[in-house]
Amino acid sequence: MRERFGLASPATRSEPPMSSPRITPRAQDYSRWYQDVIAEADLVDASPVRGCMVIKPHGYAIWEAIRDDLDARFKATGHVNAYFPLFIPQSFLSKEAEHVEGFAKECAVVTHHRLKATPEGVIPDPDARLEEPLVVRPTSETIIWHMYGRWISSWRDLPILINQWANVVRWEMRTRPFLRTAEFLWQEGHTAHASSEEAQEETRRMLDVYRDFSEQILALPVVRGVKSASERFAGAIDTYTIEGMMQNGWALQCGTSHFLGQNFAKAFEVTFQNKEGQLEHVWATSWGVSTRLVGAVIMAHSDDDGLVLPPKVAPIQVVIVPIYKAETRQTVIDYCERIAASLRPGIRVRIDDRENLKPGAKYFEWERKGVPFRLEVGPRDVEAGTAMVKSRLGGDKGSLTVDEGLGAVVQGMLDAFQQALYDRALAARTERTVEVDSYEALKARLESDAAWFLVPWADDAENEAFIKTDCKATIRCFPLEGQEQAQGRTCFYSGRPATHMAIFARAY
RNA sequence: CGGGGUAUAGCGCAGCCUGGUAGCGCGUCUGCUUCGGGAGCAGAAGGCCGUAGGUUCGAAUCCUGCUACCCCGACCA
């Protein structure tokens, strides 16, 4: 029986490939590869509740690295953290028409506040039904704008630049670890402004924060763009996105930033008195990234031997594996401790001194877990003042001199590793981003090999919907850069004058 | 919600057709020997065979109901 998420150990599957008997090769079955990589790296475990996942320490540490870096970026751009409640009065969800439409189908609802013991086990106590049911937040716009209504009365109260780190629940039909789960962790920024211009500026600013973060920290090149009407956030005027390409050529929405106009201010009657003394509705933005980013990192960089992590989010950047016999053990371990001490605190290093595993087994384990560099240290190294080093990206083992310069050398290697991942991902994306001049050409290419299609497009929701049904490709975005190329061209699908340059792709 | 499948040890599976003491691999535990690329030997622990009923002297095995999960389709950060 395959467990939820298919995370059962694949160790004893038939037809073991040569490289790693535990991980299905990408070329054979990409989706299974993804699940195998996660299982072998020990990132998550199945939950007894369908569609939820337990994030284990090695997986959670990746999220913590993401969170800590982003949090610093939010603070640096003037934002502060706050926390709003998990439960939202049911009536709040119905205040903004499009918002209701977008989320109603996937909300978990709390109806009772007490259990009652019966012979068959506990049941919700019929006498403890809530006056008004509570919705478990699928996102927090409604409760936040309810509160902002109480906090805002004057232009002097603006802007409000609040972010919150929280969990949200969306009762999805189909789930995949990290990429789509019923409950996930994220941050949601919610800002309130005195003018449309200022709010739009904020929307774009945070999109750029995400772009820079993604490229610098996740080593993942992304395209910034605007969503088409059908892919827009429910309740937004404009939804901006950063889209990343995964190794199978599919797109993954990695972050979104919404210009909400005055929609929520009107729904929750949030007004302020401007400098001229007139009453005006407040302008809003919201923006978020989630634990999906962990999935993005996994899919973008890992290989058939398991997880590959950018050093900046790797829970362990360097693992030291001591090699010894009984009589040399203490000497070798002491030497390893000295090396580790010289790398800390700038570098996240761990000594694997478990005695029940041979060095080779440790090598394979840390490779599966995505540690960028491994140092192998045996008696000969102690003698020579050296350490063998092996990169997770492959290549021969090298020898490092253990002296006061070691920290700088290793840091340089980590930086180069980070850059190499980015370069590799960018090259792959460039190679698989193609321009086609007809819908037939798009379909033909999709059947052989997924890619991103940059095409001139005459905006039309019906045509967009047909294409989605017909070949599963959707408009990922209208890229911010290069829109002028649409001028004077005709739509690749309808032949009408193009209104946008669009990127079509299959997406998660 | 429609179609197809599965349910036996922590995990992966065999046993079921042809009813008769529940097995294998991995993992786990103990001990000894190992240790520069996935260790070897010896011993051990661990299962109401998803659940409720039926047939039978006897059910993991045959029959019926239920439940859960997986895959394929309709929704989505």
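Numbering (this note's numbering), first residue to last: 67 to 574. C-beta atoms are modelled at their ideal positions from N, C-alpha and C, and glycine is treated no differently.
Pair within 8 Å by beta-carbon distance, residue i and residue j
i	j	result
M119	P243	yes
L472	L466	yes
L512	C537	yes
L375	P438	yes
S294	I541	yes
Y574	W316	yes
E470	A453	no
I228	R277	no
N314	A516	yes
A265	E164	no
L359	Q253	no
L451	V468	First, the amino acid is wrong: residue 451 is Gly here, not Leu. Contact flag set, yes.
T269	T397	no
V363	I189	no
E167	A333	no
R446	Y429	no
Bridge partners - residue i, DSSP secondary structure assignment
i	result
I121	V110
V234	F250
S323	Y306, W353
E442	V387, M454
N340	N340 is not bridged to any residue.
V288	G310
K182	I189
S465	M454
R416	V385
L200	P155, V176
G255	N229, W353
D400	According to DSSP, D400 bridges with nothing at all.
E501	L520
Of the residues the options, the one placed nearest residue i, counting alpha carbons only
i	options	result
Y390	P377, M365, D419	D419
V448	L492, C402, K428	C402
A486	A507, G168, R298, L284	L284
A331	T394, Q282, T257	T257
K182	A194, E172, K171	A194
R562	V115, E421, S504, K141	S504
V415	V384, E346, L224	V384
A474	R410, W221, K435, I399	R410
P155	A260, V175, W129	V175
H259	D274, Y214, V292	Y214
A93	L200, D369, G343	D369
E198	N529, G187, H178	H178
R216	E335, C557, S514	E335
K509	Y96, F558, I417	F558
F150	V500, A105, L492, A232	A232
V201	L224, E172, D223	E172
K122	D134, R133, A107	A107
Q344	P185, G361, W221, R490	W221
A491	H367, R458, E506	H367
G478	W518, M365, G412	G412
Cβ neighbours of residue i in the same chain (closer than 6 Å, five flanking residues each side left out)
i	result
A302	H324, L326
R70	Only weak support is given to the placement of R70: the predicted model assigns it a pLDDT of 36, under 50, and the question is left unresolved by the model.
H145	L227, N229
G321	Y276, I308, V355
F483	P377, P438
E263	none
8 Å Cβ shell around residue i - same chain, five flanking residues per side excluded
i	result
E23	The first residue shown for the chain is 67 and the last is 574, placing residue 23 beyond what the model contains.
M531	Sequence check: residue 531 is Ala here, not Met. For A531, where only same-chain residues beyond five positions count, the Cβ hits under 8 Å are S296.
R395	P388
V292	D304, T305, Y306, T307, C543, F544, L546
I399	P388, Y390, I417, D419
T357	I121, W129, F244, T247, F250, L251, W252
I533	Y505, A539, T540, Y559, F570
Beta-carbon proximity list for residue i, same chain, < 7 Å, skipping 5 on both sides
i	result
G117	E238, T241, T247, A248
D102	P76, R88, I89, T90
H566	W523, D525, F544, Q549, A552
F158	T208, I209, H212
S219	F338, Q339
R495	P287, M311
S80	Because the pLDDT at S80 is just 32, under 50, the model does not fix this residue reliably, and the point stays unresolved.
A527	A295, S296
A568	V521, W523, I541, F544
Cβ distance (whole Å) where residue i is taken to contact residue j below 8 Å
i	j	result
V355	A131	Not really, about 13 Å apart at Cβ, beyond 8 Å.
G125	V110	5 Å
R555	A564	5 Å
G444	V455	Not a contact, Cβ separation roughly 13 Å.
I405	I386	6 Å
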